[in-house]
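This report concerns only the one structure given below.
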Amino acid sequence: MPSVPRVDRLKPIYTAAKALNFGWRFSDFLKIPAYNGISRYTNQLHRITVRFCKQSESSVGVRNFIENQIVEIGRKNPSVVIYAQPVRNSNPSIRAEYGNGRTLQINAKNMTETEVSKDFHLLFSRSGEPVVKLESRQSALCPSVQGQWTPITWLPTAMNTESLPAKQFSEHKSTATSATEYILQNQPK
Amino acid sequence: MSYRRVASRFDRVNQWLQFSRQWHVIDANQQDAELLGDKIARYLAGKHKPIYHPETDCGDHVVVTNCKDIAMHAFDWKHTVYKFNMEYPKSKADIPAWQIHEYDPCRIAFLSVYRSLGNNLLRRRLIQRLHLFPDSEMPEFVRQNVGSQLRQVQEVVKRADEYTSEERARFPKVVKFAEGHVVDWEKSIQNPGRHSKPVPGQKEK
C-alpha cells in the first residue's frame, strides 16, 4: 500500500450502502434525478475511466477505440472527464462515475472497437440509477390540468334532476340496425 | 424548475369523493343473464373507474330491478344447469335455470353475477354490494342512495300483442298470408304451468 492512501480507493467504502441497494431493488417508479432536463440538461456522467493493457490481445478493441474515437467524444462532451489508464496485464474495463455517487463498470475483455463504442455510449446516456422494472409507465412532475377523477366527473348532468330509475337513461344504445328498423326505413314496394 | 401544486381544501374533499361508493341502478327487464352479469360484475369490482387497482377497494353498489323478467337465450332456461354439489353422498343437485327462477326470481341474476366476478377471494365481498329486487319496487333508503343509472345491455323488444291495430296497419306487408290464416301471436299465450303427473287415488281439487 502506498504511504498516501488514494482517494479512489476510499470511495467504495462510503458508497457501500448505495451499492448494496443496487442489486436487489428490482422495481421502482420512473423518476428523473434532480429534475434534470426540465430547463437545462446536465449529463449525469461525471467521469469515465478506460483501463486497458498496452500489449495484451484482449484489449485490442479498447486500444483501437482510444486511438480512433475517444478524443472526438471528449471534445463533444466537455463536462465529462475521460481518463485512459494503461494497467499492465489487466482485463480492460470501462468505469463510469455518476452524479448520484454510483459507479458502473463494464468488463471490455475481448470486445471489438464497435462493441466498446456501444458500451461507452450506453454509460454516457445513463443517469446512474439502476435499471429496474418500472412500476408505472409514466410519471408526471405537475399534477393533471384536468383535475383528479371523481365518480361524478363523467356522470350525465341530466341524471341530477330526474328521479332514478328513469326510462331514458336505461335504454340500450347501439349503432346496429335491427330488422324491424330496416324494413321501416326501406319500405318494400 | 419543478411546479408542484399545494393540495387545496377542495382537492382534499375531492379525494374523499373519489373513493366514495357509488350506487348504480340497472333494469334487468328482458336482459340476457350472462351479458348483464358481466356488466354488473364490472361495476361491482370498480373496473369501470380510471383509478381501478386490484388491491384498491373501489367497488360500487349495484341495484338490479325487475329480476323476474331477466332473459336467457333460446332454450337456455332448460339447458343451463346449475350444479350444487355439497361434497357429501346424495347431496348432488343439478337444477335447471327455469326451476331456480321459479323458486326465487332473483337467484338467476345472483348466480350469473357471481360467476362473472371470477373465481377469486374478493367475490364474496363484492357480491354483498349487489341488491336484487324482483320488480321495480325497492326500499326507500336504496332509492335515495341511487345516484346513477346504467344502460341496459340489450334492446327491450316490443311484444307482438303490444302493437296497436293502427301501428300494425302502418307496418309494411312483407308476407302475404292466405285466407283464414291463424296468427299465433295475436294474443300472448297463458303459461300453462308445470305439468304434474296425477297420482292414482288422489281426489280432484
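Heads up: the protein sequence lines correspond to chains A and B, in order. If you're matching positions, the first sequence starts at 1 in the UniProt record's numbering and goes up one per residue. If you're matching positions, the second sequence starts at 1 in the UniProt record's numbering and goes up one per residue. Even glycine gets a Cβ: it sits at the ideal position worked out from N, Cα and C.
In chain order, what residues of the same chain lie with their CB nearer than 7 Å to the CB of residue i, ignoring the 5 residues before and after it?
i	result
A/M159	F169
B/Y52	G46, C58
Check the Cβ-Cβ distances between residue i and every residue of chain B, and say whether any is below 8 Å.
i	result
A/F169	yes
A/K173	yes
A/A84	no
A/K31	no
A/I94	no
A/Q187	yes
A/A166	yes
A/Q148	yes
A/L155	yes
A/E181	no
With a cut-off of 8 Å, does the C-beta of residue i fall near any C-beta of chain A?
i	result
B/E155	yes
B/T164	no
B/S196	no
B/I51	yes
B/S8	no
B/D135	no
B/N145	no
B/S116	no
B/N14	yes
residue 206 of chain B	Examination of residue 206 of chain B is not possible in this model, given that chain B is present from 1 through 205 alone.
B/P105	no
B/S112	no
B/R129	no
B/T56	no
In this structure, how does DSSP classify residue i when only helix, strand and coil are distinguished?
i	result
A/P33	helix
B/Y82	strand
B/L130	strand
A/Q105	strand
A/Y83	strand
B/F141	helix
B/A28	coil
A/Y98	strand
B/V183	coil
B/K90	coil
B/I108	helix
B/T65	strand
A/S27	strand
B/A71	strand
B/H48	coil
A/T161	coil
B/W23	strand
Note down, in chain order, each residue of its chain lying with its Cβ closer than 8 Å to the Cβ of residue i, except the 5 sequence neighbours on either side.
i	result
A/F26	V132, K133
B/S148	Q22, W23, H24, V25
A/K83	Per the sequence presented here, residue 83 of chain A reads as Tyr, with Lys not at that position. If we look at A/Y83 and ignore the five residues flanking it on each side, its Cβ neighbours are R47, I48, T49, V50.
Check whether the Cβ atoms of residue i and residue j sit closer than 8 Å, and answer yes or no.
i	j	result
B/K105	B/C67	Here the sequence assigns Pro to residue 105 of chain B, which means Lys is not the residue at that position. Going by C-beta atoms, B/P105 is nearer than 8 Å to B/C67.
residue 192 of chain A	A/L123	Only positions 1 to 189 of chain A appear in the structure, and residue 192 of chain A is not among them; the question remains open.
B/S112	B/A28	no
B/F133	B/V64	yes
B/L122	B/K39	no
A/S139	A/F29	yes
B/R125	B/D60	no
A/N43	A/S90	no
A/E171	B/Q30	no
A/L164	B/V157	no
B/L44	B/V62	yes
Using C-beta distances below 6 Å, list every residue in its chain close to residue i, excluding the 5 sequence neighbours before and after it, in chain order.
i	result
A/S56	none
A/T161	none
A/K54	P86
I'd like to confirm something about residue i: is its beta-carbon nearer than 7 Å to some heavy atom of the ligand NAD, or not?
i	result
B/A71	As presented, the structure is devoid of all ligands, the ligand NAD included, so that no description of it is given.
- Check whether the segment 61–71 of chain A touches the segment 107–115 of chain A, counting contact only when three or more Cβ pairs, one atom from each stretch, lie closer than 8 Å. Counting Cβ pairs under 8 Å, three or more are found: they touch.
- Message: Assess contact between the segment 88–99 of chain B and the segment 72–79 of chain B, defined as three or more Cβ pairs (one per stretch) separated by less than 8 Å. Is contact present?
- Response: With the cut-off at 8 Å, the segment 88–99 of chain B and the segment 72–79 of chain B touch.
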